[in-house]
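Each remark here refers to the structure printed beneath this line.
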Amino acid sequence: MMYRMESHPAEWIVRSAPLVFTFEGREVRGYEGDTISSALAGAGLPFLARSFKYHRPRSILSFANHDSNLLFQVDGVPNVRGDVVPLRAGMQVTAVNTFGGLAADKARILDRLARFLPVGFYYKAFHSRRHFPRWERLFRAITGLGVVSLDAPRQSTPKRYAFCDVLVIGAGRSGLAAALAASEAGAAVTLVDEGARPGGASAGSTGIQELVDAVQGAPRIQVLTGTEAAACYADLWVALVDNTRLTKMRARAVVLATGVIEQPAVFRNNDLPGVMLASAARSLVLRHRVAPGRRVVIVAANLEAYETCMILVAQGVSVAAIVDLRPERDADPQEPAVQDCASHGIELLRGSAPYAAVAGSDGVVAGLDVAPFDVVNGADAARVRRLECDAVLMSIGWAAAAQLLYHAGGRTRFDDGLQQFIPEEVPDGMFVAGRVNGVFEPQGRLADGRRAGLLAAAHAGFGSAAAVPAVVPRSGRRPSHAFPIVDHPQAKNFVDFDEDLQVRDLENAVQEGFDSSELLKRYSTVGMGPSQGKHSHLNALRVLARARRLGPGELGLTTARPMYHPVPIKLLAGRSFHVERRTPVDADHAAQGAVWMPAGNWRRPEYYARAGESREQSIAAEVAAVRSSLGLIDVGTLGKIEIYGPQAGLFLDRAYTGRFSDLRVGMTRYGLMVDESGVVVDDGVVARLAPEAYYFTTTTGGSATVFRELLRLNALWGLDCALVNVTGHRAGFNFAGPRSREVLQSLCDIDLGEAAFPYLGVREARVAGVPARLMRVGFVGELGYEIHVAAGSACAVWRALLAAGQPHGIRPFGVEAQRVLRLEKGHLIVGQDTDGLTDPLEANAAWAVSMKKPYFVGQRSLRILKARGPRQLLVGIEIDDPARIPRECHLVIQDGDIAGRVTSIVRSATLGKAIGLAMVVPALAATGTRLTIRGDGGEPIAAAVVPTPFYDPRGERQKAPGAA
Amino acid sequence: MKILVCPLNGPRPVSEFAYGGSVRASPDPGSCTDAEWSDYVFNRAGSPGIKREWWCHIASGYWFIVERDTLRDVVLATFPADAARKGFIPPVPAP
Amino acid sequence: MPYRLLRFGLSRKHPEPPMFRRHAALRGSYDAVIIGAGGHGLASAYYLARDHGMRNVAVLEKGYIGGGNTGRNTTIIRSNYLTPEGVKFYDESVRLWQDLSEDFDLNLFYSTRGHFTLAHTDAAMRTMRWRAEVNKHFGVRSEAVDADFVKRMIPMIDITCAHHAPIVGALYHAPGAIARHDAVAWGYGRGADRRGVEIHQQTEVTGIRTQGGKVAGVETSRGFIATPKVLCAVAGYTPRILDMVGLRTPIYIHPLQAMVSEPVKPWLDPIIVSGSLHVYVSQTARGELVMGASLDPYELHQARSTLDFVEGLSAHMLDMFPFLGEVKINRQWAGLADMTPDFAPIMGVTPLEGFYLDAGWGTWGFKATPVCGKTMSHTVATGRNHPLIEGFTIDRFSRYMLTGEKGAASVGH
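Each protein sequence line maps, in turn, to chains B, P and C.
Just so we're aligned: the first sequence equals residues 1 to 964 in our numbering.
Just so we're aligned: the second sequence equals residues 1001 to 1095 in our numbering.
Just so we're aligned: the third sequence equals residues 2001 to 2413 in our numbering.
In structure tokens form, the structure reads like this:
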């Protein structure tokens, strides 16, 4: 059982600052400087969690965020990593995924049923079509770890951008050396480490403190602790994550000194509380003064096991035995650390393996059965001997922490000597150093770090790569055991602690045909848990390799992908900016009671609410005002583009379907744009201001893309013209109604008489003293003027127009009234009455296409489409009974088949009818054809095809109405 | 994110650019067959390789041509837009 | 009760045979060769063997079974498409899906959850209604629903989406489902393997030989195979195979990314898609949130991940579900989407006799796995397009007869 030892000067905890928190509803004490796990362990709790599948009791394994044995629910936050999250007073901590609490977890019965639940068992049963939904509910209830709090508030955390010459990831021995070397060469260095303090796994070892001091005193090294490099993306773009924010780091060069991840030995009950990695015990003892147990046994296969043993002994931990998997000749018998252990009375067994750990009555390990062992024959079960202990530490080897290398597209190869994957192909600008590079000796790690730091600095433009030694020799000895896996007939020898996978689970998966690394992973789920295989992929590969009789290098690991450790969504989301564009008159609209609607990324008034009026009444009143007298609408969201130059007209001729090079100066014309395949993409009005100057509009939603495409065409054709996007520079209003001319004249300095300013003309003038462009366009089917002014003057003009219109009952009108008015004229809306495949012939817009031009975008396709014939045609419709009208997109049905759909519909007060537009099959397009539309609930609605425009078919009101 | 070197603005994050597809040579619409025309409009050379592409630096409205290895996502060179003038370009009518 | 599990406890040796055999060698010839052992290729092999008596078939896979897009998609199955061709096609797929686990005797975790395509604008709502009407016409259960319905069924959603893009309604599709994607490949693979089809992994096609305008055989990394029929079902690698036979299509390849969270206890029942926010999300039986967004914006034949993808998707997830901030993203990945201009696939016979194409699956391929297998097997066996795929022919582009599915693909563009 773990326990808290007495003070030590180098401890990280603050004894004078005890912290009280609750775990599973009971009060527990720890200290400032503890993590949640270390506090719980120090308090002597036998086990701290239940495993995912079998609900076996679990405690600390890696203490380094490399396993997910210890995920907790803390103050409503799910899946908190207890091993590394600092303890705070008052925390309310519970275990995840238990039923009835940690101690009495009802699901622990699953452990007893384990032999009925082998790998992939859920694929083999539960799948009757009738019963699966019930089973699935059960599965969903018992899988999943922490609980999401549905009422947690949104957290907005700012992100940060950072830049450096050399980013060193990992502040262990080689990382520190790399940072120093790079900064000495003149580079600006950022050194990051996920640990709370620099030093990495070597913290506390000889020489580390001097390195740390040197780094902290160096002028150009920024040290970021508690900061994980979660992912490495293209062009050395690295996501750095600490517990408050995401920092997006752009480095000129990157040194990966990420080290190695200690691996567990695989033997029966290797998951018992009290069985942990030696590095976990080391950190627990040195930092938190928590001893792994009172009688410790170490399972070893490298020199580091003995060094760790001596460190623990020096700290006051009692070690009874070291069980070395290696035969004596390979077990470093001459090394001082080994001899120290022997001289301390620790029993040294060689060529021995743990056969099974044995639990005591409290669930914590109470003994370790060991047996003679060799890689070929395994463990000799006939000669098992029990060692009494209450803690088993595993120091049998490591796996490279090369995940970031894989993210960046690098490759590794398996080194049989080292029993580790080492870098083979490293992306440009990235350099690997230290144990992740296969260099294990302390002096070698320093040299390797220095080498990488100098190369990185040179890559970033500081110093020269010439004088740097190319390669530092890798370890001569073997730090990792080739097969630290002990078979047992009763299994429970875990390879993956996240997923509760035993050796035979993987062998069974291979038997079932899942015999490559990828297939094995996907079928067995090895490495798919929250720790993404950090301590399971390598042993799983060894099991697979044995089953396939191939080397691990031939089979390879599965790819690592971002993130290295999981990253909270809130840090990735950041503050989430939303752009909304507003016209200059926005505040006036609000003051007038505008009810907003989105239009692209703008907001526009749908209508203006007035006291005593319903929405329908307001809209009807706005429509009536325009038809009978006067209305004003803000159309400033339209795209507005100017084009200048001797070939401006030619450019427009090519980009649009109509002809504009023959447009008279001072006149406008409708512009329809199609794409290369002949599909309608945008429309607007084109005005010719001068022989070499045009001003034209696009739809609100299309302005950015249309402008960009026009620029591209201009770049391609190289005509003598230039385009300017003035969308945001100019406001636009439409002043429409029979009184519009008379009222505008009172504000305008040019003659608005019919002769001086005919229908479709464009003039420059002053309105309310402000320079403006005026265009007489069809728009809503009344006499009207579109008025464009500089954005800065928009409010003044808007207010002047409204004031002048007051005596005439002017109403500002919004998008909905505009829709009604235009629909009464049969005008189409691109994107509503047309879809992604509609061409102008189908859209009743052939009149806007000038096929005789020598060339325009989409022309050739239109010839083909004309020959093919339309698949649908846009027609005007009138609903028989205005009391029962269809909705947009209700279908036209003919002989039981879909024959079209309603695209626009309105109950028109002006006309006293319900009218609209519909796309129908050509056979139904003739005027007078009877249509059946399927309405809500399948009810048939009768309608007829009628000609458009519905209102003022000859357009007399907009062209030259009678005297006002 | 990935950096693209704009000929006008220098190295910028790729999110500042709009991708305009591969540069494709148009047949002469006045004389080609329908099949040749629809092939130009719809079909693409979809395999990975070194391609010339239209890219636009959005804020400056600057279109240029990028030669990029579309398998490894490596930019080999950039050119001004007139490098895209291959195949049919509509002739300028006589005044 | 799952009595079948008893045999696991009661036998000493694991009582399961291999799902697919490893074959020592390729034969010199086969009656048909399928390129690609993903869901589509294996489904085609399965139905060829089961329904058309064609067992002398080899499926060639350059990687491992299901290692392409079958193993990378976000597993959403639905039939709420826009065009009659699409609706009929995907509806047949949903029908096949529902019996698939029983057909395979393998649990695919096919889980009907209900599917919402959220509309944030009136224009989007119009498209939802259009889809609902077409769906209903063909007997597919879809409804255009209002914001109140959305809030009732997904009470934890922020209906205002951070006041940025308020939800006005949705297309609700009750049959929407998710499934365990890898298992579909295994089920079809095992079924095909049992019936005599040979699946050859780590076998790359390097060329296709033709003679007199017909397919004559396939060059592979393990030798040449003579065959009169080749079915190409390789998704993101389609253009490379088509180059071998000189066929051109509109297919363009962009990466499509996805990400997954850590497992949490169940809180999200339905599948949620938002076109405006470019998000789709569902929760697996393991408790993980599987999330996706729009297609990457430029052509690339590399399934690489980007940071701006996870950033943007995370921000939009919090717009809809603001309480998710503490849930962690575990992993992100990508696949290669073979896109078409009309968001409909390219299936069936080609101008090269004996060469059949199943491609252009963009972001809509996984759900079609069963119906693709059924229709392509018919097509390969008879040499004529199955009626359900007549809207998806390779020559539709030259005839300017595109299928208008762009309004129904969840978020692709």
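Cβ atoms here follow ideal geometry from the backbone N, Cα and C, with glycine treated the same way.
{"Item": "Thinking C-alpha only, which one of 204(B), 841(B), 172(B) is nearest residue 8(B)?", "Value": "204(B)"}
{"Item": "Where residue 2364(C) and residue 2403(C) are concerned, what is the direct C-alpha to C-alpha distance, given to the nearest angstrom?", "Value": "14 Å"}
{"Item": "Output needed in chain order: residues of the region 230-241 of chain B with a Cβ under 8 Å from some Cβ in chain P.", "Value": "233, 234, 235, 237"}
{"Item": "Just checking: is the beta-carbon of residue 605(B) within a distance shorter than 9 Å of some beta-carbon in chain C?", "Value": "no"}
{"Item": "Classify residue 2054(C): buried if its beta carbon has 16 or more other beta carbons within 10 angstroms, exposed otherwise.", "Value": "buried"}
{"Item": "Please confirm whether residue 2065(C) has its beta-carbon closer than 9 Å to some beta-carbon of chain B.", "Value": "yes"}
{"Item": "Please classify residue 303(B) as buried or exposed, where buried requires at least 16 neighbouring CB atoms within 10 angstroms.", "Value": "buried"}
{"Item": "Is the region 910-929 of chain B in contact with the region 1001-1009 of chain P, if contact means three or more CB pairs nearer than 8 Å?", "Value": "no"}
{"Item": "For residue 2113(C) versus residue 2308(C), is the C-beta spacing smaller than 9 Å?", "Value": "no"}
{"Item": "What beta strand (DSSP E) runs, 3 residues minimum, are completely inside the region 425-494 of chain B?", "Value": "430-432"}
{"Item": "Residue 638(B) and residue 697(B) - do their beta-carbons sit closer together than 9 Å?", "Value": "yes"}
{"Item": "Please tell me whether residue 1019(P) has its Cβ less than 9 Å away from any Cβ of chain C.", "Value": "yes"}
{"Item": "Could you check the C-alpha separation between residue 284(B) and residue 38(B) for me, to the nearest Å?", "Value": "7 Å"}
{"Item": "Please identify, using Cβ separations under 7 Å, the residues of the region 1035-1061 of chain P that lie next to chain C, in order along the chain.", "Value": "1035, 1038, 1039, 1042, 1043, 1044, 1046, 1047, 1048"}
{"Item": "Give me, in chain order, the residues of the same chain whose beta-carbon lies closer than 8 Å to that of residue 602(B); leave out the 5 immediate sequence neighbours on both sides.", "Value": "580, 581, 582, 583, 637, 700"}
{"Item": "Going by C-alpha to C-alpha distance, which of 896(B), 347(B), 118(B) sits closest to residue 295(B)?", "Value": "347(B)"}
{"Item": "Anything in chain P within Cβ reach of residue 2302(C), meaning under 8 Å, just list it in chain order.", "Value": "1071, 1072, 1073"}
{"Item": "If you count every other CB in all the chains shown that lies within 10 Å of the CB of residue 647(B), and 16 or more means buried, which is it?", "Value": "buried"}
{"Item": "Please work out which residues of its chain come closer than 6 Å, Cβ to Cβ, to residue 2019(C), disregarding the five sequence neighbours upstream and downstream, and give them in chain order.", "Value": "2186, 2190"}
{"Item": "For a test of the three-state rule: what should DSSP assign to residue 894(B), helix, strand or coil?", "Value": "strand"}
{"Item": "Could you say which of 2040(C), 2116(C), 2144(C) lies nearest to residue 2071(C) if we only look at CA atoms?", "Value": "2040(C)"}
{"Item": "Less than 9 Å separating the beta-carbons of residue 2087(C) and residue 2138(C)?", "Value": "yes"}
{"Item": "Pick out whichever of 789(B), 811(B), 188(B), 841(B) has its Cα sitting closest to the Cα of residue 454(B).", "Value": "188(B)"}
{"Item": "Tell me which same chain residues have a C-beta within less than 8 Å of the C-beta of residue 2280(C), skipping the five on either side of it?", "Value": "2074, 2076, 2271, 2272, 2273, 2274, 2291, 2292, 2293, 2410, 2411"}
{"Item": "By Cβ distance below 6 Å, which residues in the same chain neighbour residue 2413(C) in space, the five residues on each side in sequence not counted?", "Value": "Its pLDDT being 35, under 50, residue 2413(C) is placed unreliably by the model, and nothing is read from it."}
{"Item": "Which residues, in order along the region 2304-2318 of chain C, keep a beta-carbon less than 9 Å from a beta-carbon of chain P?", "Value": "2304, 2306, 2307, 2308"}
{"Item": "Is the CB-CB distance between residue 2162(C) and residue 578(B) below 9 Å?", "Value": "yes"}
{"Item": "Closest by CA to residue 2103(C), which one among 2192(C), 2058(C), 2065(C), 2397(C)?", "Value": "2192(C)"}
{"Item": "Using a Cβ cut-off of 9 Å (strictly closer), state whether residue 950(B) contacts chain P.", "Value": "no"}
{"Item": "For residue 788(B), which of helix, strand or coil comes out of DSSP?", "Value": "strand"}
{"Item": "Which residue from 764(B), 810(B), 779(B), 811(B) puts its Cα closest to that of residue 790(B)?", "Value": "764(B)"}
{"Item": "Buried or exposed for residue 617(B), please, with buried defined as at least 16 other CB atoms from any protein chain shown within 10 angstroms of its CB.", "Value": "exposed"}
{"Item": "Going by beta carbon distance, what residues of the same chain come within less than 6 Å of residue 421(B), once the five residues before and after it are set aside?", "Value": "400, 412, 414"}
{"Item": "Could you check whether the region 511-524 of chain B touches the region 467-481 of chain B, counting it as contact only if at least three pairs of C-beta atoms, one from each stretch, sit closer than 8 Å?", "Value": "no"}
{"Item": "Going by DSSP, what residue range makes up the beta strand (DSSP E) through residue 222(B)?", "Value": "221-224"}
{"Item": "Which full runs of the alpha helix (DSSP H) of 4+ residues lie inside the region 700-731 of chain B, going along the chain?", "Value": "703-717"}
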